[in-house]
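Residue numbers (the numbering used here): 18 to 148. All C-beta atoms in this analysis are idealised placements derived from N, C-alpha and C, irrespective of residue type, glycine included. Every value quoted in this text rests on a predicted model; they were computed, and no experiment measured them.
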């Protein structure tokens, strides 16, 4: 974008600086809030529960004795599906925090939204999951 006069150029620079300062103030708070985010998913039978942290790492896994009766392969499949579902929850919460603190037009918001979209497109939500 080319400005024809120095006042326009100065105004644009001042806007950019103000936006950068606001973003710099918001980033530590955003990181702190996102670090606390947890995503949780539970099987329809309520016999398997998974919780992931903001980085997508499994923070908790509970498999009841009843779930084991369905067989190892079924439980393994359910656990992986629940991890994906919990990760989507984390991405949704992270997107909400990021949008609130940085604004919808921020590049970090776009990146977070793109990650959520990719997660949603790669997930078969027809399984036996309860979100």
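Spatial neighbours of residue i in its chain, beta-carbon cut-off 6 Å, leaving aside the 5 residues before and after
i, result
"residue 106", "56"
"residue 67", "58, 78, 99, 100 and 103"
Pick from the options that is closest to residue i, judged by C-alpha positions
i, options, result
"residue 111", "23, 47, 42 and 29", "47"
"residue 120", "22, 88 and 43", "43"
"residue 63", "39, 40, 132 and 85", "85"
Span separating the alpha-carbon of residue i from that of residue j
i, j, result
"residue 50", "residue 139", "26 Å"
"residue 117", "residue 35", "18 Å"
"residue 69", "residue 81", "18 Å"
"residue 58", "residue 65", "8 Å"
"residue 97", "residue 37", "40 Å"
"residue 94", "residue 88", "10 Å"
"residue 52", "residue 23", "43 Å"
"residue 60", "residue 113", "25 Å"
Contact set for residue i: own chain, Cβ-Cβ below 8 Å, skip 5 residues either direction
i, result
"residue 92", "65, 80, 84 and 85"
- request: Would you check if there are 3 or more beta carbon pairs closer than 8 Å linking the segment 61 to 81 to the segment 27 to 43?
  value: no
message: As an exercise, report each continuous alpha helix (DSSP H) stretch of at least 4 residues that is fully enclosed by the segment 79 to 143, in chain order.
response: 82 to 85, 89 to 119 and 124 to 138
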